[in-house]
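S.K.: Numbering that gives the first Met the number 0 puts the sequence shown at residues 0 to 486.
Glycine included, each C-beta is placed from N, C-alpha and C at the ideal position.
What follows is a structure written as structure tokens; I'll ask about it next.
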Amino acid sequence: MKRIYARQRGMTLIEVLAALAIGAVLLVGLASLVDRSLDDMKVQQTANYQAQVVDAARRYLDANFAEVSAKTLAASDVMGITLDQLRTGKFLPAGFANNNAYRQDTCVLVRRPDPSNYPRQIDALIVTTGGDKIGTKDLPAVAMQAGSGGGYIVTETPGMARGASWQMQTTAFRDKPCTSGGTAVLLGTDADAGHLVSSLFYDGAAQQTADFLYRSRVPGRPEANQMSTALRFVGTALAKDGSPCKPIDGPTEAGLTIDPDTREILTCKDEKWSSSSWKSPVADHGELLAVKGAKPGDVRMTMDKGLAFMFTSAGWKALAVDDDGNFNVPEDFTAGTVEARTKVVSKGTIHADDHIWTNLDVHVGQDLYVERKAKINGDLAVEHDAAIKGELAVERDAAIKGQLAVKGDIRSDLAIYAKGMEAEEWMSAPAIALSTEQVSLGKNCNYEAYSKYAKRMVKVYPRGIIVPDRNARLMICGTDDVFIYVQ
């Protein structure tokens, strides 16, 4: 008789138990992965938090160097800076959290290790306290991601802070509170372990220094804005004279560059790179004329004569004295004393509010007009007429080729020579006197009267004067001071 076996259907109990066991193992592994991922995120967040505080502390010290120095006069003085101070000074956002991901507080401890010999050297520690301790396996990872100077304290050496490239005893910072009346931040005991310590030292042995040139002023650190070597321009930092200087993505601001061909300094003006109009000096005028690429407005000096020339559309023009020694002033010229070694030539009027003096001759090519007196120590030479409203006094010779009209007196210690001499009223000398005015026989003579020309009392018809009557007969002033006919 044959046995008939029924087909097996569903899952056995053993299979179910095996599946549950495998699932449990997978869940345990997955939970471990989730926990590890959460720990990594916690490490990253803590590191970012610490890096922000370090950066804020650096900027706080830059801006408040004088205050920090005043509060750390001795090497034993330690100044605490809180997160509230960093937030108040706008070095941290107003909403920046009070604690990191491990619920730890943060304080900045600052001291000057040698204020007398190194007053600008500052040592600062950015320390976390309280909260949950960071595990020993996570501490290096957090410190590594916390930026330059990141470090930590472990249980094995609670009095030592260490980083990737530095370590130091915390002795000088121990038992110092962050705020007045607060608890000490560092104790040097196991309570310090499991916390972060970032170093921020200026010129200190543990500082990771970088020789940067700062764009903005660093209080107390003038060397941060100083170059200690020549500044050289290459590549796109060079620009041609006249090329555009406006940035593609911003407004036109003050700028400085160098022309690669001329090696001249260019400045950004009117959206173009422009060189100074004052150029390098040249040896002489010949070298000046050989200069190539000159632009209107360029100015150069010639070293041999110390003269300045400006380039125009017509070439190089002297700013004052040209290469031949000529001086051209288109308009007014004002000076204290002008000394001419040869002559002064004027195509117009020469006017002086005071005297015009000369130690030599005065030569006049045309008319000479004098409003008042004319006094000449040397010779007077006039090519044409001379009109003088006042007196004319000449110490030496007077040569006038034209007419001489004088409304006042003419005085001469020597002879007066003329081809003709005409007087409207009378002419006299110690030896002879002539007059053209007609007089009558017996008329008075040799008396005093006021002269409108001399502006004083003068002798009228002095003795010896010869005058005609109406019939042209000559008469003379006799001894009785009356006119008589000449015998």
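1. Within the continuous alpha helix (DSSP H) that includes ASP83, where are the two ends?
2. Using a Cβ-based criterion (distance less than 6 Å to any ligand heavy atom), does THR261 qualify as near the ligand ZN?
3. Spell out the partners DSSP gives PRO157 in its beta bridges.
4. DSSP on GLY150, reduced to helix/strand/coil?
5. Going by DSSP, what residues sit across from PRO502 in a beta bridge?
6. If I follow the unbroken beta strand (DSSP E) through SER450, where does it start and stop?
7. Helix or strand or just coil, what does DSSP make of GLN49?
8. Leaving out five residues on either side along the sequence, give the residues of the same chain with a beta carbon under 6 Å from the beta carbon of ARG102.
9. Report the rounded CA-to-CA distance for THR182 versus LYS175, giving the unit in angstroms.
10. Given that a residue counts as buried once 16 or more other Cβ atoms are within 10 Å of its Cβ, and exposed if not, what is ALA282?
11. Out of curiosity, what's the CA-to-CA distance linking TRP356 and ALA334?
12. Just how far apart, CA to CA, sit ASN488 and GLY296?
13. Sort GLN225, THR261, GLY180, ASN224 by Cα distance to GLY241 and report the nearest one.
14. By the three-class DSSP mapping on this structure, what secondary structure does PHE232 have?
15. Look up HIS354 in the DSSP assignment and give the residues it is bridged to.
16. Output the distance between the C-alpha atoms of ALA23 and ALA160, rounded to the nearest integer angstrom.
17. Just to confirm, are VAL457 and VAL438 a CB contact at a threshold of 7 Å?
18. Label ASN63 either buried or exposed according to how many other C-beta atoms from any shown protein chain fall within 10 Å of its C-beta, with 16 as the threshold for buried.
19. Once you ignore the five residues that flank THR478 on each side, which residues in its own chain have a CB closer than 8 Å to its CB?
20. Going along the chain, which residues of its own chain have a beta-carbon closer than 6 Å to the beta-carbon of MET300, five neighbours each way excluded?
21. Which same chain residues, not among the five before or five after LYS239, have their C-beta less than 8 Å away from its C-beta?
22. If distances are taken between C-alpha atoms only, which option among GLN144, ASN99, PRO139, ALA65 comes closest to PRO114?
23. Could you give the distance in angstroms between the alpha-carbon of ALA50 and the alpha-carbon of TYR151?
24. Buried or exposed, going by whether 16 or more other CB atoms sit within 10 Å of the CB of GLY162?
25. Going straight from the alpha carbon of THR87 to that of GLY149, what length do you get?
26. Apply the 10 Å Cβ neighbour rule to HIS350 and answer buried if 16 or more other Cβ atoms are within range, or exposed otherwise.
27. Thinking C-beta only, is PHE90 closer than 7 Å to TYR59?
28. With respect to the beta strand (DSSP E) encompassing ASP167, which residues constitute its N-terminal and C-terminal limits?
29. So GLY314 is in the beta strand (DSSP E); what residue range does that whole segment cover?
30. Does MET143 come out as helix, strand or coil in the three-state DSSP assignment?
31. According to DSSP, what are the bridge partners of LYS458?
32. With a threshold of 7 Å on Cβ separation, who are the neighbours of VAL481 within its own chain once the five nearest residues in sequence on each side are excluded?
33. With DSSP collapsed to three states, give me the class of VAL42.
34. Relative to the C-alpha of ILE80, which residue among CYS177, ILE475, LYS268 is closest?
35. Under 8 Å Cβ to Cβ from GLN84, same chain only, skipping five residues before and after it: list those, please.
36. Can you pull the DSSP bridge partners for THR507?
M.R.: Let me spell this out:
1. That run of the alpha helix (DSSP H) goes 82–87.
2. Judged by which ligands are present, the structure shown has none, so any question about the ligand ZN falls away.
3. PRO157 pairs with nothing; no bridge assigned.
4. strand
5. With the chain represented from 0 up to 486, any question about residue 502 goes unanswered, as that position is not in the structure.
6. 446–450
7. helix
8. GLY130, ASP131
9. 8 Å
10. exposed
11. 17 Å
12. Outside the displayed range of the chain (0 to 486) lies residue 488, so it cannot be described from this structure.
13. For GLY241, the nearest C-alpha among the options comes from THR261.
14. coil
15. Answer is none; HIS354 lacks a bridge partner.
16. Taking the straight line joining both Cα atoms gives about 43 Å.
17. no
18. buried
19. For THR478, the CB contacts under 8 Å within the same chain, skipping 5 residues up- and downstream, are ARG462 in chain order.
20. PRO280, ALA307
21. ASP258, PRO259, ASP260, TRP272
22. ALA65
23. 13 Å
24. buried
25. 25 Å
26. exposed
27. Yes. Within cutoff.
28. The sequence shown places Met at residue 167, rather than the Asp named in the question. Where MET167 is concerned, the enclosing beta strand (DSSP E) stretches over 166–168.
29. Secondary structure note for GLY314: its beta strand (DSSP E) is the uninterrupted segment 314–317.
30. helix
31. GLU447
32. So the list reads GLY441, LYS442, ASN443, CYS444, once near-sequence residues are dropped.
33. helix
34. Answer by Cα proximity: CYS177.
35. TYR59
36. For the chain, the structure presents residues 0 to 486; residue 507 sits outside this window and is missing.
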